[in-house]
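Asker: So the sequences go chain by chain: A and B.
With the numbering used here as the guide, the letters of the first sequence map in order to residues 1 to 428.
With the numbering used here as the guide, the letters of the second sequence map in order to residues 1001 to 1478.
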Amino acid sequence: MSQTVQQTPAADVPALATTVVTSWKAPIAFAAFTLIALALAVFAPREGDTTFRLVDAKDVIQINSITTPAMPTLWVVIVLLALATGYSAYLVSTKRRVPLWLIVVFAVLFMTGFLTWAAAGATIPVIGLLFGSLSLAVPLIFGSLSGVISERVGVVNIAIEGQLLAGAFTSALVASLTGLPIAGLVAAMVAGMLVSFVLAAFSIKYFVDQVIVGVVLNVLVTGLTSFFYSQVLVPNAAQLNTPPRFDRLPIPVLSDIPIIGPVLFRQTLVVYLMYIAVALVYVGLFHTKWGLRLRAVGEHPQAADTVGIKVNRTRFWNVALAGAIAGLGGTFFTIGSGIAFNKEMTAGAGFIALAAVIFGQWDPIKATLAALLFGFASNLQNTLSVIGSPVPSEFMLMLPYLVTIFAVAGLVGKVRGPAAAGKPYIKS
Amino acid sequence: MSDPRDPAAGGADAQEPEIHEQTPSEHDGPSSTADADVAIEASGAVATGPAAPTQASASASATPTATTPADAEVEPPSRWHTTLHQIATGNAIISVLAVLLALVVGAIMIAFTDEKVQEASVYFFARPGDTFIAIWESVSGAYTALFQGSIYNFNRDTFAAGIRPLTETLTFATPLIAGGLGVGLAFRVGMFNIGGRGQMLIAASVAGWIGFGVDLPWGLHMLVALVGGLLGGALWAGIAGLLKARTGAHEVIVTIMLNYVAFYLVSWMLRTPGLLQAPGSSNPKTPPMKETAIFPSLLGPQYNLHFGFILVVGATVLVWWILSRSSLGFKFRAVGENPNAARVAGINVKSMYVYAMLIAGALLGLAGVSQVLGTVTTGFTAGIDAGIGFDAITVALLGRSTPWGIFVAGILFGAFKAGGFSMQAAEGVPVEIVLVVQSLIVLFIAAPPLVRTIFRLPDPAATTRRPRPIVTKEVKAK
C-alpha cells in the first residue's frame, strides 16, 4: 500500500535526487472508517436525540448538557469525515505526510458520530466515560512506560504482565498488613523490581533469550501469586487481603475546571504519580544524559561501550527501574481501586500494555495515548451497556482490539524498535 | 520490541559449543530424550528422532581419539575422567538437575505454606524433629500424589486401573503438544505466535459446529469436523501472517488482539440461539457432539485417551518432516535465522510468513479440535481453550522449538497437569504450584551456567582451555 516515489530531479540540481516515501495507508484507513459511519447511517438509522451530559450534579461550574438529534449529527459527522479523508488524500498525493493532529481530529469526529448514533434517545455521561477511561488506562500506561524503558535499553520486556501482577499482589498484602496504602505502593515497586531482576539476570548475565525469560516469568508470577493466594491469603483474608484504598485527592483549583477538572484532577495518588511518571520518562529519555545513554545502549551497544558506557550495568538498572514502574501500575488493581487481590486479576493488561508500546512506537507519549485509547474503548463498552446500545456487548468489547489491528496494519505499519532490543551484549 | 529470535538458535548460543561430545547418559525419563533432540538440532545435523541415541553415542565414542591429537604435549586424561567430565558437562545432566531444582523450590513452597509445618515450627527449638517430620509429610505427600496422578497409581488393585493416570497424562499432553508445535514452528520462522488462544477457540467453534450441527456418516463426520477446525485455526492465524507480510504489522500485537476478538466472537456466538448455543438452553454452551464426530477412544471406554493423540503424533512427524526434510522448511529456517539473507538468496520472505502462520494456526487448531471432539465432548463454553494457547508457548520453549523436543516437553507438562489436579484433590496443594515448577524448569534449562554454578559442575569449556595457556604464553614471551 505504500509507494515509493522517485522525485524527478530538477534540471538545475541533477545531483540531488531525493526519494520521498509517502504512504496511502492513512487515507485508505480514513476512507474505511468513513464508509463504516456511512453504513451505520444508511443501514441502521436510529431515531431520537442524543444528550451529552458534561457535568456532575455537584460541580461548582454548571454547563448545560448538549442535546442533538442523532441522525442529522451523524450526517454532519460523515461529511466532515469525508472532508478529512479528502484532505489526507490531497496531502499524500502532493507527497506530504498526514499530520498527527489530523488523525486525532478524525478519531474524535468518528467517536462523536458513533456515540451519537449508538446512544440515540439516551444520555451519555461524558465525565463518567472519560473518568473511567483514564482509570482503566492507568495500569496500561504504567505498563507501557515500563516496556518503553526496558526495550529502549535493549531488553525485550514481555514480563510486564508478571510485573503488574506482582505489584498487585504485594501491594494488597503489605497494605492490608500495615493498613497504609503508601506502604503497599512501595512494596509493589519492590516486587516489580524483583521480577525485573530475574529478567535482567537471566537475559544479561546468562544470555537467555529475552522473550523466553519474559514469557516464563509471566507464568512464574501467575503461579506464585495464585499459589500464595490460595494457600495463604484465602484462609486469612481478614488480615492479609483487605487492602485499604487510596482516597481521592482533588487538586484545589484545577479540579473545578469544567470537564477536564473532574476527569483529570479528582483522582487518586496513583493517577497523579502516573502523570509525573509519563512526564519524567519523556523528558528523561529525550532530554537528559541518562536517556541518551539508555537509548545508545539499546540502539548500538558496541558504540556505547566504546565511549565508556557500561552496557550491561546500564541495562540491568534500567530494566529494574522499568519493573518498579510496572509494579507501581499493579497497585491500581488492588489498593488503587480498593479491591482484594484475586487470582490472575490483571487479566492480560500486561499484554495490552505491550501492544501499546509497539503501537506507540517505543515513544512514551505515543504509548500513553495508545494505552488511553484502550482504556477509552473498554470503558465505552461499559457505558453503552448501561444505556442499552443496539450493538451486542461482545462486539463493543471487541472494538478496541479491532481498532488496534486496523491501526497497526493501516496507520503504523512496519514499526522499527530499538535496534539492539532482544540481543544480549557479549563483550568480546 | 525486535523480532523475537528463534529460541532454538538462542538456546544454542547459550549452550556450550561442543555439543557433539554429549554422552548418552543413563538417565531415563523424558528430559534426557528431549535433550538428545536438542543436541541434534543445535548441532545442525539433520538426524531423525529415533536415530538420535546412536548418533550421539557414535560421536561420544569418537571424541577421546578426536581430542587427543590436538593437545599432544599434554598428558591425555584418563578415559574415566573424560567420560565423567562429559556426563557432568552434558545437556542431559543439566535437564535432570533443572527438573530437580524446580521440584526442590516447589517443595520449599509446599512446606512453608503447610499448616502442620507452621504449627510445628512454633516450637522448632524445643522439638525440631516435629518440624522436619511435618515438612517431610507435606512434601512427600504432595509429590506422591503428583506421581500417582500422572504416572502410576499403586493404590489400585489391577494394572489396568493403576496405569490410568499415565493415559490421563497423555490425554492432557495431546493439545499441549499440538499447540506447542504451532508456537514452535512460528518461532523457527522468527515469529512469536501468542495467538494460540484465539486460534484454538475459532478452530474449536468450527469443529464443534460441524460436530453437533451436521449429520454425516461415522468417520466422514469426524474428518470433516477435523478439517474444518484446522482450516478455522489456520485462517485465524493467517490473518496475522498476511497483515505482517502485507503491511508489516507486528505479529505479536495482531495475535494478542485476535485472541480477544476470537474470545468475544465465540462468546457472542455461544449466547446467540441458532449459532452455537444449545437449543432450549440459556447457558452460553453448545449441545454435545454427535457420536459420529467424536474421536474414538484408543484404549477402551475406561480411559479418556482418544484418537487425537495419534493425530498429534502424526503432526509431530509432519512438522519434523516439514522443518528438516522439505524445501519449505529450509526456507522457514532460513527466514528465521536471517530474513535479510533469506531475501537475498531469493526466498520470498513475505509468503513464508503467511505459510508459517497458516501451518501454525492449523496446529493450534488441532489442539482446539482435540479438545472439542476428544476431551470435552459434552458441549463447550468459551473457556474450552483452558489456557493451552499460553501453556503451548512454555512447551515450545522447553522443547527448544524442535518437534520431538516439543513432543517430550508436552508429555512432561501433561504429566504435571494430570498430577497437579490429583495433588490438589488429595493433599489440598493448589494446582498453581505446577505453574511455578514448570516455569522454573524452563528457566533453569535455558540457563545452563546457573545450574552448573549451583551444583558446582565443571564448565564444558574448561577442557579446551586447560592446555592452551602454556603455548600462548611462550609465544607471547618471545
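C-beta: ideal position from N, C-alpha, C; glycine also.
Between S171 of chain A and chain B, is any beta-carbon pair separated by less than 8 Å?
Answerer: Mapped onto the first sequence, residue 171 of chain A falls at position 171. Closer than 8 Å: no.
Asker: Which residues in chain A sit within 7 Å of L1450 of chain B, going by Cβ to Cβ distance?
Answerer: Taking the first residue of the second sequence as position 1, residue 1450 of chain B is located at position 450. Within 7 Å Cβ-Cβ: Y206.
Asker: For E1026 of chain B, which residues from the same chain have a beta carbon less than 6 Å from its beta carbon, with the 5 sequence-adjacent residues on both sides left out?
Answerer: On the second sequence, residue 1026 of chain B is found 26 positions in, with the first residue counted as 1. A caution first: E1026 of chain B carries a pLDDT of 38, below 50, which makes its placement in the model unreliable, though a value can still be read off. Once the five neighbours on either side are set aside, E1026 of chain B has no close Cβ partner at all.
Asker: So for P262 of chain A, helix, strand or coil by DSSP?
Answerer: On the first sequence, position 262 is the one that residue 262 of chain A refers to. Residue state, collapsed to three classes: helix.
Asker: Could you tell me whether the stretch 1451 to 1461 of chain B touches the stretch 226 to 246 of chain A, where touching means 3 or more Cβ pairs closer than 8 Å?
Answerer: They do not touch, by the three-pair rule.
Asker: When you compare only the Cα positions, how much space is there between T1301 of chain B and S144 of chain A?
Answerer: Residue numbering aside, residue 1301 of chain B sits at position 301 when the second sequence is read from its first letter. Residue numbering aside, residue 144 of chain A sits at position 144 when the first sequence is read from its first letter. Residue identity differs from the one stated: residue 1301 of chain B is Pro in this sequence, not Thr. Whole-angstrom Cα-Cα distance: 51 Å.
Asker: Using CA atoms only, rank isn't needed, just tell me which of B:I1202, B:M1222 and B:L1201 is closest to G1211 of chain B.
Answerer: Walking along the second sequence from the start, residue 1211 of chain B turns up at place 211. Ranking B:I1202, B:M1222 and B:L1201 by Cα distance to G1211 of chain B puts B:M1222 first.
Asker: Where do the ends of the beta strand (DSSP E) carrying P69 of chain A lie?
Answerer: The residue you call residue 69 of chain A lines up with position 69 of the first sequence. From DSSP, the beta strand (DSSP E) with P69 of chain A extends over I66 to P69.
Asker: Return the CA-CA distance between A1334 of chain B and G417 of chain A, expressed in angstroms with no decimal places.
Answerer: Your numbering for residue 1334 of chain B matches position 334 in the second sequence. Your numbering for residue 417 of chain A matches position 417 in the first sequence. Taking the straight line joining both Cα atoms gives about 22 Å.
Asker: Which residue's Cα is closest to the Cα of W117 of chain A: A:A44, A:V271, A:T34 and A:V357?
Answerer: Locating residue 117 of chain A in the first sequence gives position 117, counting from the first residue. Nearest of A:A44, A:V271, A:T34 and A:V357 to W117 of chain A, Cα basis: A:A44.
Asker: What are the start and end residues of the beta strand (DSSP E) that includes D49 of chain A?
Answerer: Along the first sequence, read from residue 1 onward, the residue named residue 49 of chain A stands at position 49. Taken as a continuous stretch (DSSP letters only), the beta strand (DSSP E) holding D49 of chain A covers D49 to R53.
Asker: So, does the stretch 383 to 398 of chain A touch the stretch 117 to 135 of chain A, judging by three or more C-beta pairs under 8 Å?
Answerer: Yes, they touch.
Asker: State buried or exposed for R1127 of chain B, treating a residue as buried only when at least 16 other CB atoms are found within 10 Å of its CB.
Answerer: By 1-based counting over the second sequence, the position of residue 1127 of chain B is 127. Answer is exposed; the Cβ neighbour count stays below 16.
Asker: Can you list, in chain order, the residues of its chain whose CB lies under 7 Å from that of A1426 of chain B, leaving out five sequence neighbours each side?
Answerer: Translated into the one-based positions of the second sequence, residue 1426 of chain B becomes position 426. The residues are A1145.
Asker: Less than 7 Å separating the Cβ of I160 of chain A from some heavy atom of the ligand ADP?
Answerer: Of ligands this structure carries none, so the ligand ADP is not represented either.
Asker: Kindly identify the DSSP beta-bridge partner or partners of H1085 of chain B.
Answerer: What you label residue 1085 of chain B is simply residue 85 of the second sequence in a count that begins at 1. Looking at the DSSP assignment, H1085 of chain B forms no beta bridge with any residue, so it has no partner.
Asker: Apart from the five residues on each side of it in sequence, which residues of its chain come closer than 8 Å, Cβ to Cβ, to A1062 of chain B?
Answerer: The residue labelled residue 1062 of chain B in the question sits at position 62 within the second sequence. Low per-residue confidence applies at A1062 of chain B: pLDDT is 42, beneath 50, and the placement is therefore not dependable, though the value from the model is reported in the following sentence. Contacts found: none.
Asker: If we require 3 or more residues per run, which beta strand (DSSP E) segments fall completely within the stretch 357 to 402 of chain A?
Answerer: As far as the stretch 357 to 402 of chain A is concerned, it has no whole beta strand (DSSP E) run of at least 3 residues.
Asker: By DSSP, does Q1277 of chain B sit in helix, in strand, or in coil?
Answerer: Locating residue 1277 of chain B in the second sequence gives position 277, where the first residue counts as 1. The answer is strand: DSSP assigns Q1277 of chain B an E or B state.
Asker: Would the beta-carbon of I1359 of chain B fall within 8 Å of that of V1372 of chain B?
Answerer: Here the question's residue 1359 of chain B lines up with position 359 in the second sequence. Here the question's residue 1372 of chain B lines up with position 372 in the second sequence. No, they are not a contact pair.
Asker: Does the CB of V195 of chain A have a neighbour CB from chain B at under 8 Å?
Answerer: Here residue 195 of chain A corresponds to residue number 195 of the first sequence, with the count starting at 1. No, its Cβ sits nowhere closer than 8 Å to a Cβ of chain B.
Asker: Put T123 of chain A into one of helix, strand or coil per three-state DSSP.
Answerer: Counting from one through the first sequence, the residue named residue 123 of chain A turns up at place 123. Note: T123 of chain A maps to strand in three-state DSSP.
Asker: Using the C-alpha atoms, what's the distance from L1457 of chain B back to T1067 of chain B?
Answerer: What you label residue 1067 of chain B is simply residue 67 of the second sequence in a count that begins at 1. What you label residue 1457 of chain B is simply residue 457 of the second sequence in a count that begins at 1. Any answer about T1067 of chain B is weak, because its pLDDT of 44 lies below 50 and its placement is not dependable; what the coordinates show is given next. The alpha-carbon atoms of T1067 of chain B and L1457 of chain B are separated by roughly 21 Å.
Asker: Residues of chain D with a CB under 8 Å from the CB of S1267 of chain B: which are they?
Answerer: Here the protein chains are A and B, and chain D is not one of them.
Asker: Given that Y425 of chain A touches chain B, what residues does it touch there, using C-beta distances under 9 Å?
Answerer: The residue given as residue 425 of chain A occupies position 425 in the first sequence. By Cβ distance, chain B contributes nothing, its closest Cβ being about 13 Å from Y425 of chain A, past 9 Å.
Asker: Of all the residues that make up the stretch 227 to 248 of chain A, which are near chain B by a beta-carbon distance shorter than 9 Å?
Answerer: If the cut-off is 9 Å between Cβ atoms, the stretch 227 to 248 of chain A has F227, F228, Y229, S230, Q231, V232 and P235 near chain B.
Asker: For M1269 of chain B versus L1276 of chain B, is the C-beta distance shorter than 8 Å?
Answerer: Numbered from 1 along the second sequence, position 269 holds the residue referred to as residue 1269 of chain B. Numbered from 1 along the second sequence, position 276 holds the residue referred to as residue 1276 of chain B. Yes; because the gap between Cβ atoms is below 8 Å, this pair is in contact.
Asker: Tell me which same chain residues have a C-beta within less than 7 Å of the C-beta of A1098 of chain B, skipping the five on either side of it?
Answerer: For the purposes of this step, residue 1098 of chain B is taken as the residue at position 98 of the second sequence. Answer for A1098 of chain B: I1441, F1444, I1445 and V1451, listed in chain order.
Asker: Under 8 Å, do I325 of chain A and I66 of chain A count as touching if we go by C-beta distance?
Answerer: On the first sequence, residue 325 of chain A is found 325 positions in, with the first residue counted as 1. On the first sequence, residue 66 of chain A is found 66 positions in, with the first residue counted as 1. No, these two residues do not count as a Cβ contact at 8 Å.
Asker: Can you have a look at K423 of chain A and say buried or exposed, based on whether 16 or more other CB atoms are within 10 angstroms of its CB?
Answerer: Numbered from 1 along the first sequence, position 423 holds the residue referred to as residue 423 of chain A. It counts as buried.
Asker: Count the other CB atoms, across all protein chains shown, that sit within 10 Å of the CB of S1095 of chain B; report buried if there are 16 or more and exposed otherwise.
Answerer: If you number the second sequence from 1, residue 1095 of chain B lands on position 95. Buried: at least 16 other Cβ atoms inside 10 Å.
Asker: Is the Cβ of I1253 of chain B closer than 8 Å to any Cβ of chain A?
Answerer: Working through the second sequence from its first residue, we reach residue 1253 of chain B at position 253. So, interface residue.
Asker: Check each candidate in B:A1237, B:F1295 and B:I1087 and name the one with the smallest Cα separation from G1389 of chain B.
Answerer: Walking along the second sequence from the start, residue 1389 of chain B turns up at place 389. It is B:A1237.
Asker: Thinking just about the alpha-carbon of each residue, which of A:V186, A:G192, A:M396 and A:F341 is nearest to the one in L269 of chain A?
Answerer: Here residue 269 of chain A corresponds to residue number 269 of the first sequence, with the count starting at 1. Taking only the C-alpha atoms, the option nearest L269 of chain A is A:V186.
Asker: Could you say which of A:V208, A:G360 and A:P262 lies nearest to S133 of chain A if we only look at CA atoms?
Answerer: Translated into positions along the first sequence, residue 133 of chain A becomes position 133. The shortest Cα separation from S133 of chain A among A:V208, A:G360 and A:P262 belongs to A:P262.
Asker: Considering Cα atoms alone, identify which of A:K289, A:A353, A:L54 and A:L402 is closest to P139 of chain A.
Answerer: Locating residue 139 of chain A in the first sequence gives position 139, where the first residue counts as 1. That would be A:A353, whose Cα lies nearest to the Cα of P139 of chain A.
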